[in-house]
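The block underneath contains the structure these notes are about, expressed in structure tokens.
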Amino acid sequence: PTLTHSSIMRSSVFVVAVLTACVAAAAACEPPDCGRPDLGTCGNACCKLSFDFNANADTLMHTLLSLMISGGPDGRYEPSLTAEGTLGFANLTKFNIPGNVKFLGQAIHHTKVHDYNDTINILIKGPGSNSIVEVFSTSQI
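Below you can see the structure in the form of structure tokens.
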């Protein structure tokens, strides 16, 4: 199947939507979204997700960054400034990191019910047109 911008956007929106649900379950959620509460497995509320994509890392990074800049599906995401001085994602391709690591990203998600923030860390890796996006969220309590 041919990968189109539309299919990448739908996949990326799905990733962010799943992440939003995970974050909601981890901290300050309202029923019925609390079906998978975390009980401190990270010493805090946390969530890890991994997704395989039939898309290149650059396209995924730009799509996710656009979603973060626009606030994400619930309007409460905000990209963080990286150590490299870029907004949302740092390009690590020049370091040739094993495992084909391409980008590291970070965003803050503001929860709905309480005044908590969640830190969302994103790793994008993979050669060519196949990429893996790993997302880890931890609550700033």
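With mature numbering (1 follows the signal peptide of the UniProt record, and there is no 0) as the guide, the letters of the sequence shown map in order to residues -28 to -1, 1 to 113. Note that the Cβ used here is the ideal one computed from N, Cα and C, for glycine as well.
Asked	Found
If I96 sits next to Q78, beta carbons under 8 Å apart, how far is it from one beta carbon to the other, in whole angstroms?	About 12 Å; that fails the 8 Å criterion.
I'd like the span of the alpha helix (DSSP H) that includes T91, first residue to last.	First-last for T91: N89 to K97, but that is the beta strand (DSSP E), not the alpha helix (DSSP H).
Take the Cβ of K20 as the centre, count every other Cβ of all protein chains shown within 10 Å, and call the residue buried at 16 or more, exposed below.	exposed
Judging by CA-CA distance, which residue of I113, T110, S22 and V105 is the nearest neighbour of H34?	V105
Could you check the C-alpha separation between T110 and L64 for me, to the nearest Å?	23 Å
Measuring CB to CB, does A29 end up less than 8 Å from G98?	yes
Helix or strand or just coil, what does DSSP make of L37?	helix
In chain order, what residues of the same chain have a beta carbon less than 8 Å from the beta carbon of A62, not counting five sequence neighbours either side?	T54, A55, E56, F75, L76 and G77
Using DSSP bridges, identify the partner residues of I69.	The partner list for I69 (beta bridge, DSSP) is empty, contrary to what the question assumes.
Between the C-alpha atoms of L36 and G47, what's the straight-line distance to the nearest angstrom?	14 Å
With DSSP as the reference, label L11 as helix, strand or coil.	coil
Take P51 and list the residues in its own chain whose beta-carbon comes closer than 7 Å to its own, dropping the five residues that flank it on each side.	L37, M40, I41, L59, G60 and A79
Do you know how far the Cα of S103 is from the Cα of G71?	11 Å
Could you check what DSSP says for A62 in three-state terms: helix, strand or coil?	strand
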